[in-house]
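Asks: Numbering (mature numbering (1 follows the signal peptide of the UniProt record, and there is no 0)), first residue to last: -22 to -1, 1 to 596. Just so it is clear, CB atoms sit at the ideal spot from N, CA and C, and this is done for glycine as well. No experiment lies behind these values; they were computed from the predicted model shown. Please read through the structure below; I'll follow up with questions.
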């Protein structure tokens, strides 16, 4: 989650796709004499999943009302074996207790449905929705990697092809059976933002509604530098009392990362910061925090080249660390600690680039023992070996002054959890549990009274993590509501700001190749490759901005984009939303960010950041 601000709830008012899907699905499958059996995933019978269960039952009723695959809905728990007749599997992949029953259609891997494989491709993103039917039309599945993806598959048309795969509510792949195999093909690239002329024409009939959304510029200067007085005032009011601030961003946006640097600088001067949490693997913490304590530029450059570089994936991340390093050098009495909190996603990077330095300080000839093709079993075996080395030196002082044995032990635990779920802890619930433990236990010293009195704790994370209203159906929590409602040291002391992107500029990644640049999250790599493919095929043009958050722009986003086109301002602070005016114009979105975050900022058309060149030999 690698996470963007996505459309996490697909509402049942999208009846046009449903109706089309029902008709197409009915035509796509054979007219079976026997009634269909709809198998409801076992997890949807559990009390905590009541909302998702109700949604699934509504979908069943909807299809039955349109004579599509008429039959009965049967809870999976009541069956001793998979039905032999025509069958529809209904529910998220991580909710089936008998994933082998779906094997003719797809394969569910990992613990709790961490991955779904079909058509030779494996999907792990929690916002993946899947529709698939077998070659003779007697087996179907409406599913997703999680409940989020399962909801979203009903927001698009299905049935025209044997398979449809969505990501964040947008159709990514479609497929058909050929020579006994399911072949999946990309459906194209993300939609471009509407031109000023097209947007003006669309909003023309409801032009009066534009005044329902009041906006003010974030930057003092037209070029995007300096913070506007009103934004500074609102930022100051936002953090006047709270001890924690979440900066919830759309990922990989250069303009948003640049804005965070401005916000960080203002907070350091006006409010002070004790800890900066970054959404990267916990094992990076020691390297990141040591770097920001190095006063000498020459020594910092040596550490960058010899140790830190493999753990940093963008130029702006290094610029962020350097800004903290300079602050710590010039204001040592207000030193900022940098902490990392995420699960371990890259097993080799964790062991070879983050932790090996500790063991080489014990034994200069130490080498990580991993096969070229890494497996979970190999990682778990290596963790056992490293714990043995730690145990042998338990009573000795740490061989590295900036990396303790306790930290190494914690990092190995974090890595072990990721390896056990067979996919880098990419199942969202497992990942969230690791993150919350990393924050409140492994980094628990950041929340003692003396540290909280010393300054703000700032989190720079994806917007979903900062949504104070978000409730997960599997019982785990997002970070902002957990710290605000459940964690005693910060209870009632959390402020949140959403900084969302409307459109990305892909021009800087036209020449990015995986052979030359360090890979980022899987989604990022898919975006870049899809863009390059669309560019080669003439489907897109350089200079366009693309909406990659999934689905269409909301009514409010269209109003913000219109203001950006008219004023030339690319970062806008949401002041007031008159919902009645938006309702009358049909522009009120189903999910309203101003109800979920304390402050909301939109950035229009920031550049998708290009990753740094790969470290030689890695």
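1. Does the Cβ of residue 362 have 16 or more other Cβ atoms within 10 Å, making it buried, or fewer, making it exposed?
2. Using only CA atoms, which one of 164, 410 and 537 lies nearest to residue 192?
3. Within a Cβ cutoff of 7 Å, which residues of the same chain sit near residue 117, ignoring the five residues on either side of it in sequence?
4. Locate the beta strand (DSSP E) running through residue 209, then write down its first and last residues.
5. Whole alpha helix (DSSP H) runs in the stretch 457 to 506 with 4 or more residues, listed along the chain?
6. With H, G and I counted as helix, E and B as strand and the rest as coil, what does DSSP make of residue 128?
7. Roughly how far, in whole angstroms, is the beta-carbon of residue 323 from the beta-carbon of residue 445, given that I think they are within contact range, below 8 Å?
8. Taking buried to mean at least 16 other C-beta atoms within 10 Å of its own C-beta, is residue 508 buried or exposed?
9. Determine the burial state of residue 235: buried for a count of at least 16 other Cβ atoms within 10 Å of its Cβ, exposed for fewer.
10. Could you tell me which whole beta strand (DSSP E) segments of length 3 or greater appear in the stretch 218 to 246?
11. Select from 358, 220 and 319 the residue whose C-alpha is nearest the C-alpha of residue 266.
12. Give the DSSP-derived three-state secondary structure of residue 577 in the structure shown.
13. Assuming residue 271 contacts residue 429 under a Cβ cut-off of 8 Å, what Cβ separation, rounded to an integer in Å, is found between them?
14. Please return the same chain residues whose Cβ sits closer than 6 Å to the Cβ of residue 223, not counting the five positions on each side in sequence.
15. Could you check what DSSP says for residue 152 in three-state terms: helix, strand or coil?
16. Measuring straight from C-alpha to C-alpha, what distance separates residue 135 and residue 121?
17. Helix, strand or coil, according to DSSP, for residue 277 in the structure here?
18. Go through its chain and collect everything with a Cβ distance to residue 200's Cβ below 8 Å, but skip five positions before and after it.
19. Just the Cα atoms here: how many angstroms apart are residue 309 and residue 471?
20. Do the stretch 413 to 420 and the stretch 288 to 303 meet, that is, are 3 or more Cβ pairs less than 8 Å apart?
21. Distance check for residue 47 and residue 476, CA to CA, integer angstroms please.
22. Please report the straight-line C-alpha distance between residue 153 and residue 140, rounded to a whole angstrom.
23. Going by the beta-carbon positions, is the gap between residue 72 and residue 144 smaller than 8 Å?
24. Let me check understanding here. Comparing Cα to Cα, which of 127, 150, 162 and 530 lies closest to residue 97?
25. What does DSSP give as the partner residue(s) for residue 439 in the beta ladder?
26. Could you tell me whether the Cβ atoms of residue 552 and residue 482 are closer together than 8 Å?
27. Is it the case that the Cβ atoms of residue 490 and residue 542 are separated by a distance below 8 Å?
28. Within its chain, find whatever has a CB closer than 6 Å to the CB of residue 454; leave out the 5 residues flanking it on each side and keep chain order.
29. Flag this pair as yes or no: are the beta carbons of residue 367 and residue 326 separated by less than 8 Å?
30. Taking residue 250 and residue 432 to be in contact with their CB atoms under 8 Å, please state how far apart those CB atoms are, rounded to whole angstroms.
31. By Cβ distance below 7 Å, which residues in the same chain neighbour residue 448 in space, the five residues on each side in sequence not counted?
32. So, with DSSP's three-state summary, where would you put residue 16?
33. Kindly indicate the opening and closing residues of the beta strand (DSSP E) around residue 163.
34. In chain order, what residues of the same chain lie with their CB nearer than 6 Å to the CB of residue 402, ignoring the 5 residues before and after it?
35. Find the nearest neighbour of residue 380 within the set 32, 268, 99 and 571, judged by alpha-carbon distance.
36. Smallest Cα separation from residue 580: which of 550, 554 and 562?
Replies: Reading it off the structure:
1. Around the Cβ of residue 362, a 10 Å sphere holds fewer than 16 other Cβ atoms; the residue is exposed.
2. In this structure, 537 is the residue among 164, 410 and 537 with its C-alpha nearest to the C-alpha of residue 192.
3. Once the five neighbours on either side are set aside, the close Cβ partners of residue 117 are 65, 82, 83 and 111.
4. It is not in any beta strand (DSSP E) - residue 209 instead sits in the alpha helix (DSSP H) that spans 207 to 216.
5. List check, alpha helix (DSSP H) in window: 457 to 463.
6. Note: residue 128 maps to helix in three-state DSSP.
7. Not a contact, Cβ separation roughly 22 Å.
8. With 16 or more Cβ atoms within 10 Å of its Cβ, residue 508 is classed as buried.
9. That one is buried.
10. Fully enclosed beta strand (DSSP E) runs of 3 or longer: 222 to 227.
11. Cα-wise, what sits closest to residue 266 is 319.
12. Strand at residue 577.
13. With 8 Å as the limit, residue 271 and residue 429 do not qualify as a contact, their Cβ atoms being about 16 Å apart.
14. Excluding positions up to five away in sequence, the list reads 217, 434, 436 and 473.
15. Residue 152: strand per DSSP, three-state reduction.
16. When the Cα atoms are used, residue 135 and residue 121 turn out to be separated by approximately 14 Å.
17. Annotated three-state conformation of residue 277 is helix, per DSSP.
18. Result list for residue 200: 546 and 547, in chain order.
19. Roughly 26 Å separates the two Cα atoms.
20. Touching, no, given that fewer than three Cβ pairs across the two stretches are closer than 8 Å.
21. Going by C-alpha positions, residue 476 is about 43 Å away from residue 47.
22. Straight-line measurement puts the Cα of residue 140 at about 6 Å from the Cα of residue 153.
23. The Cβ-Cβ distance between residue 72 and residue 144 does not fall below 8 Å.
24. Of the listed residues, the one whose Cα sits closest to residue 97 is 162.
25. Its beta-bridge partners are 226.
26. No.
27. No Cβ-Cβ contact shorter than 8 Å links residue 490 with residue 542.
28. These residues qualify, in order along the chain: 407, 410 and 411.
29. In this structure, the beta-carbon distance from residue 367 to residue 326 does not fall below 8 Å.
30. Going by Cβ atoms, the distance from residue 250 to residue 432 rounds to 7 Å, so yes, they are a contact pair.
31. Excluding five sequence positions before and after residue 448, the CB atoms of its chain that fall closer than 7 Å to its own CB belong to 442, 456 and 459, given in chain order.
32. Residue 16: strand per DSSP, three-state reduction.
33. Segment 159 to 164, the beta strand (DSSP E) holding residue 163.
34. Any answer about residue 402 is weak, because its pLDDT of 37 lies below 50 and its placement is not dependable; what the coordinates show is given next. Non-local beta-carbon contacts of residue 402 in its own chain, meaning distances under 6 Å to residues more than five positions away in sequence, involve 323 and 396 in chain order.
35. Taking residue 380 as reference, the option from 32, 268, 99 and 571 with the minimal CA-CA separation is 268.
36. If we check each option's Cα against that of residue 580, 550 comes out closest.
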